[in-house]
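Everything on this sheet refers to the single structure shown next.
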Amino acid sequence: MWRLEYPWLLLAAPLAWAAYRWLPAYLHGRSALRAPFFDTMARLTGKSPTRPGVRAAGAQLWLNLAVWLLALLALARPQWVEPPLVHVEPVRDILLALDISQSMDTRDFRAPDGREATRWEAVRSVVRDFIEKRADDRLGLVVFGAGAYPQAPLTLDHAALRLLLDQTAVGMAGPNTAIGDAIGLGIRMLDAAREQDKVMMLLTDGNDTSSAVPPARAAALAKQHGIVVHTIGIGDPAATGEDRVDFGALRDIARTTGGQFFRAQDQAALQSVYATLDRITPREVRTLRHQPKREFFWVPVALALCLLAAWHVLAALAGWAAARAEGGAHGDGGTSDGGGIDARGAATGRAGGETADHPSYAGAGHVMNGKTRTAGDPITACDESLDRKEGAWT
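Each residue of the sequence shown is one higher than the last, beginning at 292 in our numbering.
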């Protein structure tokens, strides 16, 4: 689609005509030779007076108007606007923090088809489904055991995220559980993304046994950074030692950060938990539009320059041709006309009984420079006066 960036500039188009119409022209005064018989002299030479300067001024006026209009068109910036490009990007980052300590290999979860599965198998299946539902969000993955490690950065490449999730195995991060360190690593990753809406979903089946930062302190830091932490406990609270899940600590983390605490004892309950998280965390996107534009201001500029160049080239050629024609006319006249004077003069003198030194100008017409002068012409009268004076002297 064609458009002008500044179309109002075209309103200045009549200014050039108004200036020509009403402003006084610049006149350069020069003295000239007054010839009262200019028309007669022009007629004797066989030429008629013309006004090439007037014709040139009229043509140059139209040239100037055309250049003015092209300059205005260039200043208005003609553009070709292409169809808009729409880009949708998320405004929410979700970080999944998953426990892969050794206890996640316990086979006490029942799948929807009735078979028993390990805790990690159930978690991986449910998280895969959750990733597929959040197509418009940037998702990241942190795994933790004895330490916390970034398994996948925040990304929109959910296929790569699912692949990394499938390659994650129990025990890769050590046998213990570092909940506080996982929250701390999540804070660092979410802060680097610089989005306003940041959510962390932490899943564990045990209690914190090896964190450098206590979970309560990590939760307070998450709140300061505007991160909401939802916690999910899937372990057995009646177990002892590291296998006992601390639901109280998980509940405190969620309360501190403004999140929610969930508990799941089988895969169906876990699916319900992530469905709830999907519902309470609505999808938010930011739509960016961009219309590529191509500038064509150079086209009227190039046309104006071509017109000016063509005008000056044609003017130079016309001047050169005129000068050459005038020079040729003078050269031809000096040769042929001179011979005509001698021949015609000699013939006339002999016919009138005059000598060659004093040719006679008698008769109805006189010959001079190959032209016949008639009686009554100023030049003929001047010649007759000179002839009479010459006869008196002799």
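Each residue gets a CB set at the ideal place from its N, CA and C atoms; glycine is no exception.
Here the structure is a predicted model, which means the values were calculated and not measured.
Tell me which residue opens and which closes the beta strand (DSSP E) that residue i is part of.
{"i": "residue 522", "result": "518-524"}
{"i": "residue 586", "result": "584-586"}
{"i": "residue 442", "result": "439-446"}
{"i": "residue 480", "result": "No beta strand (DSSP E) contains residue 480, which is instead part of the alpha helix (DSSP H) from 470-484."}
{"i": "residue 495", "result": "488-495"}
{"i": "residue 452", "result": "Premise fails: residue 452 lies in the alpha helix (DSSP H), 449-458, not in any beta strand (DSSP E)."}
{"i": "residue 368", "result": "Element bounds for residue 368: n/a, residue is neither H nor E."}
{"i": "residue 461", "result": "No beta strand (DSSP E) holds residue 461; DSSP gives it neither H nor E."}
{"i": "residue 294", "result": "293-295"}
{"i": "residue 431", "result": "429-435"}
{"i": "residue 554", "result": "552-554"}
For residue i, I'd like the list of residues in its chain whose CB is within less than 7 Å of its CB, leaving aside the five on either flank, ordered along the chain.
{"i": "residue 352", "result": "311"}
{"i": "residue 309", "result": "none"}
{"i": "residue 396", "result": "409, 411 and 461"}
{"i": "residue 422", "result": "430, 449, 452 and 453"}
{"i": "residue 401", "result": "407, 557 and 558"}
{"i": "residue 654", "result": "Model confidence at residue 654 stands at a pLDDT of 41, short of 50, so the residue's coordinates are unreliable and nothing is read from them."}
{"i": "residue 598", "result": "354, 357 and 358"}
{"i": "residue 251", "result": "Summary: the structure shown does not reach residue 251, with the chain confined to residues 292 through 685, and so no result is reported for it."}
{"i": "residue 303", "result": "363"}
Going by the CB atoms, is the gap between residue j and residue i shorter than 9 Å?
{"i": "residue 519", "j": "residue 495", "result": "no"}
{"i": "residue 588", "j": "residue 369", "result": "yes"}
{"i": "residue 419", "j": "residue 453", "result": "yes"}
{"i": "residue 472", "j": "residue 438", "result": "yes"}
{"i": "residue 552", "j": "residue 546", "result": "yes"}
{"i": "residue 544", "j": "residue 478", "result": "no"}
{"i": "residue 502", "j": "residue 509", "result": "yes"}
{"i": "residue 393", "j": "residue 466", "result": "yes"}
{"i": "residue 386", "j": "residue 417", "result": "no"}
{"i": "residue 427", "j": "residue 527", "result": "no"}
{"i": "residue 443", "j": "residue 525", "result": "no"}
{"i": "residue 468", "j": "residue 389", "result": "no"}
{"i": "residue 470", "j": "residue 555", "result": "no"}
Evaluate residue i with the Cβ neighbour count: other Cβ atoms within 10 Å of its Cβ, from every protein chain shown; 16 or more gives buried, anything less gives exposed.
{"i": "residue 435", "result": "buried"}
{"i": "residue 405", "result": "exposed"}
{"i": "residue 266", "result": "Absent from the structure is residue 266, since the part of the chain shown begins at 292 and ends at 685."}
{"i": "residue 294", "result": "exposed"}
{"i": "residue 415", "result": "buried"}
{"i": "residue 614", "result": "exposed"}
{"i": "residue 568", "result": "buried"}
{"i": "residue 314", "result": "exposed"}
{"i": "residue 608", "result": "exposed"}
{"i": "residue 605", "result": "exposed"}
{"i": "residue 513", "result": "buried"}
{"i": "residue 343", "result": "Residue placement at residue 343 is poorly supported in this model, since its pLDDT is 49, which falls under 50; the coordinates still yield a value, given next. Residue 343 should be labelled exposed."}
{"i": "residue 345", "result": "Confidence is the limiting factor: at residue 345 the pLDDT is only 46, short of 50, which leaves the residue's position unreliable and the question unanswerable from this model."}
Is residue i close to the ligand FAD? I mean its beta-carbon at under 8 Å from any heavy atom of the ligand.
{"i": "residue 515", "result": "Among the components modelled here there is no ligand, and therefore nothing to report on the ligand FAD."}
Cutting at 6 Å between CB atoms, please list the residues of its own chain near residue i, excluding the five before and the five after it.
{"i": "residue 537", "result": "498"}
{"i": "residue 356", "result": "307"}
{"i": "residue 687", "result": "In the structure as shown, the chain begins at 292 and stops at 685. Residue 687 is therefore absent and cannot be evaluated."}
{"i": "residue 582", "result": "372 and 375"}
{"i": "residue 335", "result": "none"}
{"i": "residue 455", "result": "442 and 443"}
{"i": "residue 584", "result": "370 and 372"}
{"i": "residue 562", "result": "417"}
{"i": "residue 292", "result": "372"}
Within its chain, find whatever has a CB closer than 8 Å to the CB of residue i; leave out the 5 residues flanking it on each side and keep chain order.
{"i": "residue 517", "result": "487 and 489"}
{"i": "residue 366", "result": "297, 300 and 588"}
{"i": "residue 480", "result": "386, 431, 433, 441, 444 and 445"}
{"i": "residue 630", "result": "Bear in mind that a pLDDT of 42 at residue 630, under 50, signals an unreliable position, so the model cannot answer this."}
Which residues mark the beginning and the end of the alpha helix (DSSP H) in which residue i is found?
{"i": "residue 548", "result": "538-548"}
{"i": "residue 329", "result": "329-335"}
{"i": "residue 418", "result": "410-424"}
{"i": "residue 515", "result": "506-515"}
{"i": "residue 305", "result": "305-313"}
{"i": "residue 396", "result": "No alpha helix (DSSP H) contains residue 396, which DSSP labels as neither H nor E."}
{"i": "residue 561", "result": "558-571"}
Below 8 Å on the Cβ atoms is my guess for residue i versus residue j; work out the distance and round it to an integer in Å.
{"i": "residue 463", "j": "residue 391", "result": "6 Å"}
{"i": "residue 377", "j": "residue 580", "result": "6 Å"}
{"i": "residue 364", "j": "residue 591", "result": "4 Å"}
{"i": "residue 354", "j": "residue 602", "result": "6 Å"}
{"i": "residue 550", "j": "residue 572", "result": "So it is not a contact: roughly 10 Å between Cβ atoms."}
{"i": "residue 594", "j": "residue 361", "result": "5 Å"}
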